[in-house]
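For the sequence shown, the working numbering assigns the number 22 to the initial residue and increments by one for each residue that follows. Just so it is clear, CB atoms sit at the ideal spot from N, CA and C, and this is done for glycine as well. Predicted model, so just to flag it, every value in this text is computed and none were measured. This report refers to the structure that appears directly beneath it.
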Amino acid sequence: MVYCGKASQGCQSCRTRRIKCDKVRPQCTQCIRVAKTCPGYRDQLELMFRDESTKVIQKAHAQWGVESGESSSSSPTSATSPSSTSSRSRTSISRISRSKSSTPPADDSWTWVGAPVELYATRSDQAVRFFIEHYLVGHPDEPKASRELQGVGWIHAPQIQNIMAAVGLASMSNLTGDKDLQIMAREKYGLALRQMVSSIGNLASIDLSVSMRTIIILALFEVIRGESEGTNTRTHLMGAATLLRTLLPRSGMASAPSHILRALLQLCFSMLVPCLVAEDNLPDIFFDWVSMCEKIASPSDKPSTDLIRIIARLVHLSAYVSRHIIADGHPKAAEVIMEALEIDVQLEAWERRQEGIWVVTEECDKAGFPPDAVFEGSYHVYTDMWTARVWNHYRWSRIMVNEMLLQFADIYSASGRRLFSAENLLRSRRSIVRVARDVLVSIPTHYRHPRLELAHRTLLDQTSGGAGMGAAGIPTMLFQIRVAGCAPFVPDSYRNWAKNILETIWADTGIPQARTQAELVAKAQEGGSPSPKPVQLPPDLEQERKPPIYQSRQPVQSPAQESSHTYLGEKFQAGSESAGPSSWDYTVKREPMSPGSQARR
């Protein structure tokens, strides 16, 4: 199956006469005017993706002086082996070495291994094919095969064609080091951006699926260009959120479509990581969007709005700590410790509350999956991709807040003397290891490793769609893998698998962030991770490494009991889950201590 570019949309009669066809259905005006029967229009997707391997191989052989019989001497089974057809089609890039004995066509400084037809395709066409194979087909929420693109309307939009080419060119430039491709990518990006601005000028006639996909791929382009945490990426995300906000009803909020609500929430979730990494506060408008979503959200979507509020507190706390020098013993040190404690309490309470569509099932088939594609042969099954993505936001934030607590215990030993105990720290370590494993087990749901075959994908596809564009979740997923791989106290096997999957994603997509994150995990393997001082793990920590069976978890009876921790005689209970854009004020409710606790004090 070969991408051949966009073909003429005119009818056969107009193309033969070489005149402009107005493409009116069922018969064009030109044919009616000359009293001819209009032959109709060709299927554009069939023309864009067609098998021309035989014809082009013959051309290549004729040009290079190779007898046609040489190509037919190979075994037919080798060309159609099950393994080659069952796996998701992958294309790799390599340089072609020029020699005196063979002179390939002019525009062939690079080509696709195993795809001779690309010797004759333009670089823009090759880039679109790269995007389709590496960012579209086979990803969650996307067509499983190229032929399924025939039913996709948005792929013909000019801005989609240009931004797909831009991403493909940028990815290939990263993998080959060809700077000319990067220049072409920026040109395509600029063209797509201008087309996008023009298309949203009239909201009454806007095609939401085309516009949203274009904006998300524009943001993805910035990531591939190396601007993963830059202002341009956040600008596109905020632009997409603003567009969605204008489409939500200002009255009758209950009638808002759930897919628009989830899309807006997903964009809000996507803003958390860039702000966290950049040590910035979330913008005020972020909280306006979240507040609006809270008013619209159905009971089944409420867990997502609850969670984003909690993580927003973590982002704000992290920014505050990074920007201020807080001395041990200062009142602020105790405040930041208690804020982190409460965030952890709220996150644990959130996890325990989940039921219904939020239940996660873990399945294991160690013999059936390639070990480098599926961690410990285990994978998760979710109700849909939306809940899968929200769960991973919970996981990275839970790891980070517990890592923060361990760091606070180390640097604020005097301030935290009454707040931390060996039992508390052990619980944080256990939480980190357990949740880090969950992150790694979840990866096949979000990313299809090149080694996964059709039978594997069928099992993983038990998690249905529901999160929009599949590749949109890759940048955040890379961060989540790095958080799990660099987390303190995780086994070496966790770090090794995380590093390998990141390196695979880099080689597969050309996203530089994947290579950067892999290098960070490698440093953690070498002992260079900025983690708390290592300690001897108790033997009973091993039980936390067993696969958690989420379905066995029963809803707790008392919210007050589920959302509290005891730290050296003081029981902390989660207060308000809301957080303003410029405040991380905490609410700690101290319950009366038992007589035994008072005696210890």
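- Task: Under 8 Å by Cβ, that's how I've got Leu-440 and Leu-362 pegged, so tell me the actual separation to the nearest angstrom.
- Result: Within the sequence shown, numbered from 1, the residue matching residue 440 stands at position 419. Within the sequence shown, numbered from 1, the residue matching residue 362 stands at position 341. Between Leu-362 and Leu-440 the Cβ distance is about 7 Å, and since that is below 8 Å, they are a contact.
- Task: In angstroms with no decimal places, state the Cα-to-Cα distance between Thr-50 and Ile-306.
- Result: The residue you call residue 50 lines up with position 29 of the sequence shown. The residue you call residue 306 lines up with position 285 of the sequence shown. Taking the straight line joining both Cα atoms gives about 50 Å.
- Could you work out which residue in Val-411, Glu-376 and Cys-52 is closest to Leu-293 when comparing CA atoms only? In the sequence shown, the residue the question calls residue 293 occupies position 272. Considering only alpha carbons, the answer is Val-411.
- Item | Backbone CA spacing between Ile-40 and Phe-290 [nearest angstrom] | Here residue 40 refers to the residue found at position 19 of the sequence shown. Here residue 290 refers to the residue found at position 269 of the sequence shown. Taking the straight line from one Cα to the other gives about 50 Å.
- Message: I need the straight-line Cα distance from Phe-500 to Gln-538, nearest angstrom please.
- Response: The sequence position of residue 500 within the sequence shown is 479, counting from 1. The sequence position of residue 538 within the sequence shown is 517, counting from 1. Roughly 7 Å between the two C-alpha positions.
- Leaving out five residues before and five after Leu-624 in sequence, what residues of the same chain have Cβ atoms less than 8 Å from its Cβ? Since the first residue of the chain shown is 22 and the last is 622, residue 624 is not available in this structure.
- Would you call the segment 335 to 352 and the segment 373 to 383 in contact, with 3 or more CB pairs under 8 Å? no
- Message: Taking the alpha-carbon of Ser-167 as reference, which of Trp-175, Arg-150, Ile-53 and Val-55 has the nearest alpha-carbon?
- Response: Residue 167 sits at position 146 when you count from the first residue of the sequence shown. Closest option to Ser-167, Cα to Cα, is Arg-150.
- Query: In terms of alpha-carbon separation, which member of Gln-182, His-351, Thr-466 and Arg-215 lies closest to Ala-394?
  - Reply: Walking along the sequence shown from the start, residue 394 turns up at place 373. Comparing Cα positions, the closest option is Thr-466.
- Task: Confirm, please, whether the CB-CB distance from Ala-262 to Leu-285 is below 8 Å.
- Result: Counting from one through the sequence shown, the residue named residue 285 turns up at place 264. Counting from one through the sequence shown, the residue named residue 262 turns up at place 241. Result yes, Cβ atoms of Leu-285 and Ala-262 sit closer than 8 Å.
- Item | Candidates Ala-528, Ser-321 and Arg-246, of which the one nearest Ser-279 by Cα | Counting from 1 along the sequence shown, the entry for residue 279 is found at position 258. Residue Ser-321 is the option with its Cα nearest to Ser-279.
- Leaving out the 5 sequence neighbours to the left and right, which residues in its chain are closer than 8 Å to Arg-271 when beta-carbon positions are compared? Here residue 271 is taken as the residue at index 250 of the sequence shown, counted from 1. Because Arg-271 carries a pLDDT of 49, less than 50, the predicted location of this residue cannot be relied on, and no value is offered for it.
- Task: Tell me, to the nearest whole angstrom, how far the beta carbon of Ile-526 is from that of Tyr-433; I am working on the premise that it is less than 8 Å.
- Result: Here residue 526 refers to the residue found at position 505 when the sequence shown is read from its first residue. Here residue 433 refers to the residue found at position 412 when the sequence shown is read from its first residue. No, Ile-526 and Tyr-433 are not in contact; Cβ-Cβ is about 37 Å, not under 8 Å.
- Skipping 5 residues on each side, what residues in its chain have a beta carbon closer than 6 Å to that of Asp-386? Along the sequence shown, one-based indexing puts residue 386 at 365. Answer for Asp-386: Gly-398, listed in chain order.
- Message: Out of Gly-189, His-155 and Ala-178, which one is the CA nearest neighbour of Asp-146?
- Response: As a working note, residue 146 is residue 125 in the sequence shown. Nearest of Gly-189, His-155 and Ala-178 to Asp-146, Cα basis: Gly-189.
- Opening and closing residue of the alpha helix (DSSP H) in which Cys-42 lies: By one-based count along the sequence shown, residue 42 stands at place 21. Taken as a continuous stretch (DSSP letters only), Cys-42 belongs to no alpha helix (DSSP H), as it is neither H nor E.
- Excluding sequence positions up to five away, which residues of its chain have a Cβ less than 7 Å from the Cβ of Leu-481? In the sequence shown, residue 481 corresponds to position 460, counting from 1. Cβ within range, chain order: Tyr-400, Pro-465 and Thr-466.
- To the nearest angstrom, report how far apart Pro-60 and Cys-32 are at their CA atoms. Here residue 60 refers to the residue found at position 39 when the sequence shown is read from its first residue. Here residue 32 refers to the residue found at position 11 when the sequence shown is read from its first residue. Going from the Cα of Pro-60 to the Cα of Cys-32 covers about 6 Å.
- Task: Have a look at Val-381, Met-490 and Arg-438 and flag the residue whose alpha-carbon is nearest the alpha-carbon of Gly-350.
- Result: Here residue 350 refers to the residue found at position 329 when the sequence shown is read from its first residue. Nearest option by C-alpha distance: Arg-438.
- Are the beta-carbon atoms of Ala-187 and Ala-213 separated by less than 8 Å? If you number the sequence shown from 1, residue 187 lands on position 166. If you number the sequence shown from 1, residue 213 lands on position 192. Taking 8 Å as the Cβ cut-off, Ala-187 and Ala-213 qualify as a contacting pair.
- Exposed or buried, what is Thr-143 when buried is set at 16 or more other beta-carbons lying within 10 Å of its beta-carbon? Translated into positions along the sequence shown, residue 143 becomes position 122. Classification for Thr-143: exposed.
- Item | Nearest-angstrom Cα separation, counted from Ser-230 out to Ser-449 | By 1-based counting over the sequence shown, the position of residue 449 is 428. By 1-based counting over the sequence shown, the position of residue 230 is 209. Spanning the two alpha carbons is a distance of roughly 43 Å.
- Buried or exposed (CB count within 10 angstroms, at least 16 for buried), Gly-494: Residue 494 sits at position 473 when you count from the first residue of the sequence shown. So Gly-494 ends up on the buried side.
- Under 8 Å by Cβ, that's how I've got Arg-458 and Tyr-403 pegged, so tell me the actual separation to the nearest angstrom. Along the sequence shown, read from residue 1 onward, the residue named residue 458 stands at position 437. Along the sequence shown, read from residue 1 onward, the residue named residue 403 stands at position 382. Not confirmed; about 16 Å, so no contact.
- Expressed to the nearest angstrom, what Euclidean distance is found between the alpha-carbon atoms of Pro-295 and His-414? Position 274 of the sequence shown, counted from the start, is the residue given in the question as residue 295. Position 393 of the sequence shown, counted from the start, is the residue given in the question as residue 414. If I take the Cα positions, the gap works out to 13 Å.
- What does Val-244 pair with, by DSSP beta-bridge criteria? Looking up residue 244 in the sequence shown gives position 223. Its beta-bridge partners do not exist; DSSP assigns none.
- Hey, could you find the ends of the beta strand (DSSP E) Ser-399 is sitting in? What you label residue 399 is simply residue 378 of the sequence shown in a count that begins at 1. Unbroken beta strand (DSSP E) run through Ser-399: 399 to 402.
- Item | Enclosing beta strand (DSSP E) for Cys-32 [first to last residue] | By one-based count along the sequence shown, residue 32 stands at place 11. Per DSSP, Cys-32 belongs to no beta strand (DSSP E) and is neither H nor E.
- Message: Determine whether the beta carbon atoms of Pro-391 and Arg-478 lie at a separation below 8 Å.
- Response: By one-based count along the sequence shown, residue 391 stands at place 370. By one-based count along the sequence shown, residue 478 stands at place 457. 8 Å or more divides the Cβ of Pro-391 from the Cβ of Arg-478.
- Task: Would you mind sorting Thr-530 into buried or exposed? The rule is 16 or more other CB atoms within 10 Å of its CB.
- Result: Residue numbering aside, residue 530 sits at position 509 when the sequence shown is read from its first letter. By the 10 Å Cβ count, Thr-530 comes out buried.
- Message: Between the alpha carbons of Pro-496 and Ile-236, how many angstroms are there, rounded?
- Response: Your numbering for residue 496 matches position 475 in the sequence shown. Your numbering for residue 236 matches position 215 in the sequence shown. If I take the Cα positions, the gap works out to 15 Å.
- Assigned secondary structure, Glu-474 (DSSP; H/G/I helix, E/B strand, else coil): Locating residue 474 in the sequence shown gives position 453, counting from the first residue. For Glu-474, the three-state secondary structure derived from DSSP is coil.
- Item | Pairwise C-alpha distance: Val-462 and Asn-517 | Along the sequence shown, read from residue 1 onward, the residue named residue 517 stands at position 496. Along the sequence shown, read from residue 1 onward, the residue named residue 462 stands at position 441. Looking at the two C-alpha atoms, the distance is approximately 14 Å.
- Message: With a threshold of 7 Å on Cβ separation, who are the neighbours of Gly-260 within its own chain once the five nearest residues in sequence on each side are excluded?
- Response: If you number the sequence shown from 1, residue 260 lands on position 239. Result list for Gly-260: Ile-236, in chain order.
- Roughly how many whole angstroms lie between the Cα atoms of Leu-589 and Asn-445? Counted from its first residue, the sequence shown places residue 589 at position 568. Counted from its first residue, the sequence shown places residue 445 at position 424. Unreliable positioning characterises Leu-589 in this predicted model, as indicated by a pLDDT of 33, which lies under 50. A coordinate reading is not provided.
- Message: Can you determine whether any heavy atom of the ligand NAD sits closer than 7 Å to the C-beta of Ile-495, and answer yes or no?
- Response: Only the bare structure without any ligand can be found here, which leaves the ligand NAD out of the picture.
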